[in-house]
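Student:
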DNA sequence: CGGTACATGTAAAAGGTTACATGATTTC
DNA sequence: GAAATCATGTAACCTTTTACATGTACCG
């Protein structure tokens with residue numbers, strides 16, 4: 003069993019949380035709230051559901067109009083999900099364009115550096131606003147709190163850095 | 003020109019910051035400090051340098067012992083790097099195993115939830131310690147500050163969440 | 001009957017990881 | 001002369017993105 007497969011876990015988690023759903027539904031949910039913690043488009047979700055079906059983690063519970071297929075999690079899928087939560091040691095994101103720009107700030111001149119940090123600030127600001135606008139429950143409560151905390155921290159860094167750059 | 007290509011930017015940034023270097027050197031630097039903002043192994047770096055050479059962004063300045071090749075950034079490479087810093091709107095990391103576990107916390111029982119958050123806490127703690135141990139200058143000053151701020155925020159979330167879980 | 005939302009897919013390319021492979025130089 | 005480090009690479013595989021492709025049902 004591979005270490006990654008987080009897309010699988012996200013799908014199994016959604017099926018457990020919201021009950022049986024189609025790939026289309028799951029893609030919408032990704033778009034609406036889960037996308038703050040894990041992103042995936044329908045072109046990744048549909049084939050993955052087929053593989054999960056082959057692996058016995060989900061079943062096709064019903065087929066509706068327009069070829070709609072309703073997937074439900076199986077006991078084996080539940081076991082896989084629980085095992086991952088209990089045993090998987092999560093890794094910190096190892097790539098961040100924002101952190102890379104921060105890292106390379108010294109390579110651009112003073113005014114450009116300010117512009118870069120202001121762009122980063124706007125990103126964190128937008129993230130914070132989007133998270134604040136989410137209805138509670140639309141997003142896992144603890145993940146929501148984590149997202150808010152990290153967005154506020156990023157914003158704080160941007161403000162401190164701008165003050166530093168301007169007042170030198 | 004594609005939107006991503008951040009590995010290229012990271013390599014160009016390093017060549018500008020530390021001067022001409024071999025793929026081996028660059029891989030070491032990735033390992034030592036840049037890895038907090040962008041990760042890449044030598045198997046990704048070597049072929050990328052070859053492509054960047056073909057695209058005129060770097061030159062092979064010298065060849066040393068053991069087939070060592072010293073790459074230097076070209077004016078075109080400098081232009082590419084500057085353009086990215088000036089124009090690229092950075093995106094927030096869209097996938098986090100930590101956030102995914104936080105999102106799915108409600109699916110495991112109380113004791114397991116505490117164990118999950120403690121594991122996450124240990125991750126942020128280790129990150130914070132590693133960043134604090136870095137000699138200043140070994141890591142871009144602003145990226146270092148951002149890393150510290152985000153690690154402290156994650157730690158804070160973990161502490162708050164643990165208190166919340168324990169005192170219900 | 002035209003537009004929007006529903007619903008599912010495939011294929012090619014890009015980005016990233018793991019395993020394999022080779023050989024030179026230095027240090028003890 | 002054995003071990004560690006230097007130094008570069010390839011191949012297979014997995015993950016993710018982008019572009020292409022198709023057809024159904026509902027709403028006005």
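Protein chains in written order, with this note's numbering: chain A, 3 to 170; chain B, 3 to 170. Every residue gets a Cβ at the ideal spot worked out from N, C-alpha and C, and that includes glycine.
Under a three-way DSSP split, which group does residue 20 (chain B) fall into?
Tutor: As a first step, residue 20 (chain B) must be located in the second chain, where it is residue number 18. Looking at residue 20 (chain B) - three-state DSSP - the assignment turns out to be helix.
Student: Under 9 Å Cβ-Cβ, which residues of chain A neighbour residue 18 (chain B)?
Tutor: Taking the first residue of the second chain as position 1, residue 18 (chain B) is located at position 16. 106, 109, listed in chain order.
Student: Our contact map puts residue 35 (chain A) next to residue 152 (chain A) with C-beta atoms below 8 Å; I'd like the distance itself, whole angstroms only.
Tutor: The count along the first chain starts at 1 and reaches residue 35 (chain A) at position 33. The count along the first chain starts at 1 and reaches residue 152 (chain A) at position 150. Going by Cβ atoms, the distance from residue 35 (chain A) to residue 152 (chain A) rounds to 16 Å, so no, they are not a contact pair.
Student: If we count Cβ pairs, one from each stretch, closer than 8 Å, do we get three or more for the region 92 to 107 of chain A versus the region 85 to 100 of chain B?
Tutor: Contact between the region 92 to 107 of chain A and the region 85 to 100 of chain B is present, because at least three Cβ pairs lie under 8 Å.
Student: Taking Cβ-Cβ distances below 8 Å as the criterion, which residues of the region 142 to 169 of chain B are in contact with chain A?
Tutor: Cβ contacts with chain A come from 142, 143, 144, 145, 147, 148, 149, 151, 152, 154, 155, 156, 158, 159, 162, 163.
Student: Measuring only the C-alpha atoms, how far is residue 37 (chain B) from residue 60 (chain B)?
Tutor: As a working mapping, residue 37 (chain B) is identified with position 35 in the second chain. As a working mapping, residue 60 (chain B) is identified with position 58 in the second chain. The alpha-carbon atoms of residue 37 (chain B) and residue 60 (chain B) are separated by roughly 22 Å.
Student: Exposed or buried, what is residue 112 (chain B) when buried is set at 16 or more other beta-carbons lying within 10 Å of its beta-carbon?
Tutor: For this step, residue 112 (chain B) is matched to residue 110 along the second chain. Exposed, by the Cβ-count rule.
Student: Can you find a CB in chain A that lies within less than 8 Å of the CB of residue 83 (chain B)?
Tutor: In the second chain, counting from the first residue as 1, residue 83 (chain B) sits at position 81. By this cut-off, residue 83 (chain B) is an interface position.
Student: If you run the structure through DSSP and keep just helix, strand and coil, what is residue 63 (chain A)?
Tutor: For the purposes of this step, residue 63 (chain A) is taken as residue 61 along the first chain, with counting starting at 1. Reduced to three states, the DSSP call for residue 63 (chain A) is strand.
Student: Buried or exposed for residue 119 (chain B), going by 16 or more other Cβ atoms inside 10 Å?
Tutor: Numbered from its first residue, the second chain carries residue 119 (chain B) at position 117. By the neighbour-count rule (16 or more Cβ atoms within 10 Å), residue 119 (chain B) is buried.
Student: Which of the three DSSP states, helix, strand or coil, is assigned to residue 74 (chain B)?
Tutor: Within the second chain, numbered from 1, the residue matching residue 74 (chain B) stands at position 72. DSSP places residue 74 (chain B) in strand when its eight states are reduced to three.
Student: How is residue 40 (chain A) classed by DSSP in three states: helix, strand or coil?
Tutor: Numbered from 1 along the first chain, position 38 holds the residue referred to as residue 40 (chain A). Here residue 40 (chain A) sits in coil by DSSP.
Student: Could you tell me which chain A residues have their CB closer than 8 Å to the CB of residue 39 (chain B), listed as they occur along the chain?
Tutor: What you label residue 39 (chain B) is simply residue 37 of the second chain in a count that begins at 1. The contacting residues are 97, 98, 101, 102, 104, 105.
Student: Can you pull out the residues from the region 44 to 59 of chain B whose beta carbon lies closer than 9 Å to at least one beta carbon of chain A?
Tutor: Against chain A - using a Cβ distance shorter than 9 Å - the region 44 to 59 of chain B contributes no residues.
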